[in-house]
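Asker: This structure is in structure tokens; I'll ask about it shortly.
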Amino acid sequence: MRRLLAAALLLLLPRLAVAGCAPIASNEPRVWRAAAGDVVPRASGGDTVTLTFLGHASFEIVTPAGVRIVTDYNGVNRPSTPPDIATMNHAHGTHYTLNPDPRIAHVLHGWAENGVVPRYDLVLQDVRVTNLPTNIRTWDGGSEANGNSIFVFETAGLCIAHLGHLHHLLEPADLAALGRIDVVMVPVDGAWTLGQADMATVLDALQPHLVLPMHYFTRDVLTRFLDRMRDRYAIEQRDSPTLELSRSTLPARPTMVALPGGY
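Be aware that the sequence shown starts at 1, since it is given in the numbering used here, and climbs by one per residue.
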């Protein structure tokens, strides 16, 4: 009953009208400032963000200023150039490593450690990285509080979210904390994370312009999710794992783009 009520609330929640991405992190201890102020500086060289699907749940994001980020960095699905920022989650070993490349300046664990809830607010050149902790199921059927993070990357006027290993519907307070989401990377396996129907409910609430499926293991699983979403999204399947994004080129109709890059 609680899940049904949460789903109904998500669908009824109004869209937040904000100029930038919502400031999720504030007064927790894990806060860094590599640039002054709360406004993310714009790069002078352009407004194009390059995003490459590396496989499983890992994407490389390159900002206009050249800051490199890898999501759910596991040391296997990685680019040839080490990122400046690596985000991780720990539901499974394919979403993190405890031995990352030592050249990575900022390694952000998305799970609670020693009772400390992860709250990040990192500004590095033209990107701001924040997170929203969520809970995960445990192998024994229990629940681990704050075992996953939704990471949000604000750059070039875009709010880009990576849902990580999301295991539950988002509450209205979660959506209020996330604010505007333009682009979202979403796990669509329907088993290890959230079921496909519930993941569709999450997307209905987030209302992104662009959805990038990940964590689907087999082509059949991906196809089932794309078919489920055809009445809500334009569907594109690309031959290249790399996508260039900017605020001015976001699709007018919500669009789901499947990138090749491994399962």
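We treat Cβ as the ideally placed atom computed from N, Cα and C, and that holds for glycine.
Determine the DSSP secondary structure at Asn27, reduced to helix, strand or coil.
Answerer: Bear in mind that the predicted position of Asn27 carries a pLDDT of just 42, short of 50, making it too unreliable to give a figure here.
Asker: So what's Ser248 in DSSP terms, helix, strand or just coil?
Answerer: Ser248 falls in the helix class under three-state DSSP.
Asker: Please state the DSSP three-state secondary structure of Ala35.
Answerer: Low per-residue confidence applies at Ala35: pLDDT is 41, beneath 50, and the placement is therefore not dependable, though the value from the model is reported in the following sentence. Reduced to three states, the DSSP call for Ala35 is coil.
Asker: Out of Val202, Leu206, Arg68, point me to the one whose CA is closest to Val127's CA.
Answerer: Cα-wise, what sits closest to Val127 is Arg68.
Asker: What does the alpha-carbon distance come out to for the pair Arg42 and Tyr233?
Answerer: Near 30 angstroms, if we compare the C-alpha coordinates of Tyr233 and Arg42.
Asker: Out of Asn114, Val76, Val184, Val117, point me to the one whose CA is closest to Asn99's CA.
Answerer: Per the Cα distances, Val76.
Asker: What is the DSSP secondary structure of Gln237, counted as helix, strand or coil?
Answerer: Residue state, collapsed to three classes: strand.
Asker: State buried or exposed for Ser80, treating a residue as buried only when at least 16 other CB atoms are found within 10 Å of its CB.
Answerer: It is exposed - the Cβ of Ser80 has fewer than 16 other Cβ atoms within 10 Å.
Asker: Would the stretch 221-231 and the stretch 167-177 be scored as touching if the rule is three or more Cβ pairs under 8 angstroms?
Answerer: No contact exists between the stretch 221-231 and the stretch 167-177.
Asker: Could you please give the first and the last residue of the uninterrupted beta strand (DSSP E) stretch that includes Ala145?
Answerer: First-last of the beta strand (DSSP E) with Ala145: 143-155.
Asker: Apart from the five residues just before and just after Pro208, which ones in its own chain have a Cβ nearer than 8 angstroms to its Cβ?
Answerer: Closer than 8 angstroms at the Cβ level, and outside the excluded window around Pro208, lie Ala161, Ile181, Asp182, Val183, Val184, Pro254.
Asker: Leaving out five residues on either side along the sequence, give the residues of the same chain with a beta carbon under 7 angstroms from the beta carbon of Leu163.
Answerer: The answer, listed in chain order, is Ile150, Val184, Met185, Val186, Pro187.
Asker: With burial defined as no fewer than 16 other Cβ atoms inside 10 Å of the residue's Cβ, what is the status of Ser58: buried or exposed?
Answerer: With 16 or more other Cβ atoms within 10 Å, it is buried.
Asker: Can you tell me whether Gly115 is buried or exposed? The criterion is at least 16 other CB atoms within 10 Å of its CB, across all chains shown.
Answerer: Looking at its Cβ environment, which holds fewer than 16 other Cβ atoms inside 10 Å, Gly115 is exposed.
Asker: What are the boundary residues of the beta strand (DSSP E) that includes Val127?
Answerer: Counting along the chain, the beta strand (DSSP E) containing Val127 begins and ends at 127-137.
Asker: Under 6 angstroms from any heavy atom of the ligand COA, does the C-beta of Met256 make it?
Answerer: Although the ligand COA was asked about, the structure shown includes no ligands whatsoever.
Asker: DSSP on Pro213, reduced to helix/strand/coil?
Answerer: If DSSP states are grouped into helix, strand and coil, Pro213 belongs with the strands.
Asker: Restricting to Cα atoms, I'd like to know which of Glu171, Thr50, Leu210, Ala205 is closest to Ser240.
Answerer: Checked all of Glu171, Thr50, Leu210, Ala205; the closest Cα to Ser240 is Thr50.
Asker: Tell me whether the beta-carbon of Thr130 lies closer than 7 angstroms to the beta-carbon of Val107.
Answerer: No, these two residues do not count as a Cβ contact at 7 angstroms.
Asker: Pro64 by DSSP, collapsed to three states: which one?
Answerer: DSSP places Pro64 in coil when its eight states are reduced to three.
Asker: DSSP has Ile85 in a bridge; who is on the other side?
Answerer: Paired residues: Ile69, His106.
Asker: Within a Cβ cutoff of 6 angstroms, which residues of the same chain sit near Trp32, ignoring the five residues on either side of it in sequence?
Answerer: The pLDDT assigned to Trp32 is 44, lower than 50, so where the model puts this residue is not dependable; a value taken from the coordinates is nonetheless given after this. Around Trp32: Leu122.
Asker: Look up Cys159 in the DSSP assignment and give the residues it is bridged to.
Answerer: For Cys159, which the question treats as bridged, DSSP gives the partners Glu154.
Asker: Strictly by DSSP, which residues pair up with Met256?
Answerer: Paired residues: Val211, Ile235.
Asker: Have a look at Asp72, Ala65, Pro133 and flag the residue whose alpha-carbon is nearest the alpha-carbon of Phe53.
Answerer: Ranking Asp72, Ala65, Pro133 by Cα distance to Phe53 puts Asp72 first.
Asker: Measure how close the beta-carbons of Asn146 and Asn89 come, nearest whole angstrom, since I'm counting them as under 8 angstroms.
Answerer: Asn146 to Asn89, Cβ: 11 angstroms. No contact.
Asker: Considering only residues of the same chain and omitting the five flanking positions on each side of Val156, which have a CB-CB separation below 6 angstroms?
Answerer: Here residue 156 is Ala; the residue named in the question, Val, does not match the sequence. Answer for Ala156: Asp47, Val49, Pro64, listed in chain order.
Asker: Is Thr242 helix, strand or coil when you go by DSSP?
Answerer: Strand at Thr242.
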